[in-house]
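Asker: Quick note: the sequence shown uses this note's numbering, first residue 242, plus one each step.
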Amino acid sequence: MKKSGLVLLLLVPFSITSACRPNATEAEKNKPAVTTHDSGPMAPGYGMDPAEAEALYRRLAKEANECPDGNFVLNGTWRFVGESKLPGFTDELSFQGNTFTEWMSAATGERGTVTGTYSCIYKNRILMHIKRADPDGLFGNRTDDAFACDVLFPIRPEERPKMLMLCFPEWNLDPKKSLDYEYERISD
Numbered sequence: 242m243k244k245s246g247l248v249l250l251l252l253v254p255f256s257i258t259s260a261c262r263p264n265a266t267e268a269e270k271n272k273p274a275v276t277t278h279d280s281g282p283m284a285p286g287y288g289m290d291p292a293e294a295e296a297l298y299r300r301l302a303k304e305a306n307e308c309p310d311g312n313f314v315l316n317g318t319w320r321f322v323g324e325s326k327l328p329g330f331t332d333e334l335s336f337q338g339n340t341f342t343e344w345m346s347a348a349t350g351e352r353g354t355v356t357g358t359y360s361c362i363y364k365n366r367i368l369m370h371i372k373r374a375d376p377d378g379l380f381g382n383r384t385d386d387a388f389a390c391d392v393l394f395p396i397r398p399e400e401r402p403k404m405l406m407l408c409f410p411e412w413n414l415d416p417k418k419s420l421d422y423e424y425e426r427i428s429d
């Protein structure tokens, strides 16, 4: 399997020492409930009105796309492996250059295809622009819709390569309100 040179790591801080001791130290007891650090600037649109955020991202996709030819790390076909509320839901998402095609179905007999383009907006945030949804409206996808997604790699890199997409179809751009989709690569 071909390995890519670009890897985005998701770092989660934790403390192993407090887990090893039966009692917390005085400093740990008095630690603030929330710690902050300077993680740099926020992604564009955070905290904006949803309509304004969408307009901003559509403009950035035209004027400041950081990957006009696509991102080689995404190229290939990915199978949805996350949990779904729909019984028998299947989803394959294929990226080639700056285009994508998604095939979805459910045990209810519903099936559809979505095609479109994507633009790199900020760091690992992309704008997915649906050029055609067939049938229109199936699984919430409509022709000419656009939504932002954060793409995170690697998820369990010791297994088949996986990615997590945190998407914002309602344009709230708050990671706590994203829809999370986990995919595994099935072909390059």
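All residues carry an ideal CB built from backbone N, CA and C; glycine is no exception.
(1) Would you mind reading off the limits of the alpha helix (DSSP H) that contains Glu293?
(2) Spatial neighbours of Glu295 within its chain, please: CB distance less than 7 Å, with the 5 preceding and 5 following residues excluded, ordered by chain position.
(3) Can the beta-carbon of Thr356 be found less than 7 Å from the beta-carbon of Arg373?
(4) Please go through the same chain and pick out, in chain order, the residues whose beta-carbon is closer than 6 Å to the beta-carbon of Cys308, but skip the five residues on each side of it.
(5) Could you tell me which residues DSSP puts in a beta bridge with Met345?
(6) Per DSSP, which residues does Cys361 bridge with? Please list them.
(7) Helix, strand or coil for Phe394 per DSSP?
(8) Since Asp375 contacts Gly353 with CB under 8 Å, what's their CB separation in whole angstroms?
(9) Output yes or no for whether 7 Å exceeds the beta carbon distance between Val322 and Glu425.
(10) In whole angstroms, what is the alpha-carbon distance linking Lys418 and Pro285?
(11) Within its chain, find whatever has a CB closer than 6 Å to the CB of Thr266; leave out the 5 residues flanking it on each side and keep chain order.
(12) What's the C-alpha gap between Ser335 and Asp429?
(13) Strictly by DSSP, which residues pair up with Phe380?
(14) According to DSSP, is Gly326 helix, strand or coil?
(15) Buried or exposed: which applies to Tyr359, given that a residue is buried once 16 or more other Cβ atoms fall within 10 Å of its Cβ?
(16) Looking at the unbroken beta strand (DSSP E) that takes in Asp421, where does it start and where does it end?
(17) Could you tell me how far apart the beta carbons of Pro410 and Gly381 are, in whole angstroms, since I believe they sit closer than 8 Å?
(18) Given a threshold of 16 other Cβ atoms within 10 Å of its Cβ, counted over all protein chains shown, does Met345 qualify as buried or as exposed?
(19) Less than 7 Å separating the beta-carbons of Cys390 and Ile371?
Answerer: In brief:
(1) It spans Pro291 to Glu304 - the alpha helix (DSSP H) in which Glu293 sits, taken as one unbroken run.
(2) Within the same chain, Glu295 has close Cβ partners Ala387 and Trp412.
(3) Contact flag set, yes.
(4) Only Cys361 meet the Cβ criterion.
(5) For Met345, which the question treats as bridged, DSSP gives the partners Asp332 and Gly353.
(6) In the DSSP output, where bridge partners are listed per residue, Cys361 has Ile367.
(7) In the structure shown, the three-state DSSP call for Phe394 is coil.
(8) The pair is a contact, with the Cβ atoms about 6 Å apart (cut-off 8 Å).
(9) Pairing Val322 with Glu425 gives a Cβ-Cβ distance under 7 Å.
(10) Roughly 16 Å between the two C-alpha positions.
(11) Residue confidence for Thr266 is low, a pLDDT of 39 falling below 50, so the modelled location carries little weight and cannot support an answer.
(12) Their backbone Cα atoms lie some 9 Å apart in a straight line.
(13) None; Phe380 has no bridge partner.
(14) According to the sequence shown, residue 326 is Lys rather than Gly. Three-state result, Lys326: coil.
(15) Classification of Tyr359: buried, given that the 10 Å Cβ count is 16 or more.
(16) DSSP places Asp421 in the uninterrupted beta strand (DSSP E) bounded by Leu420 to Ser428.
(17) That pair is a contact at about 7 Å.
(18) By the neighbour-count definition (other C-beta atoms within 10 Å, threshold 16), Met345 is a buried residue.
(19) Contact flag unset, no.
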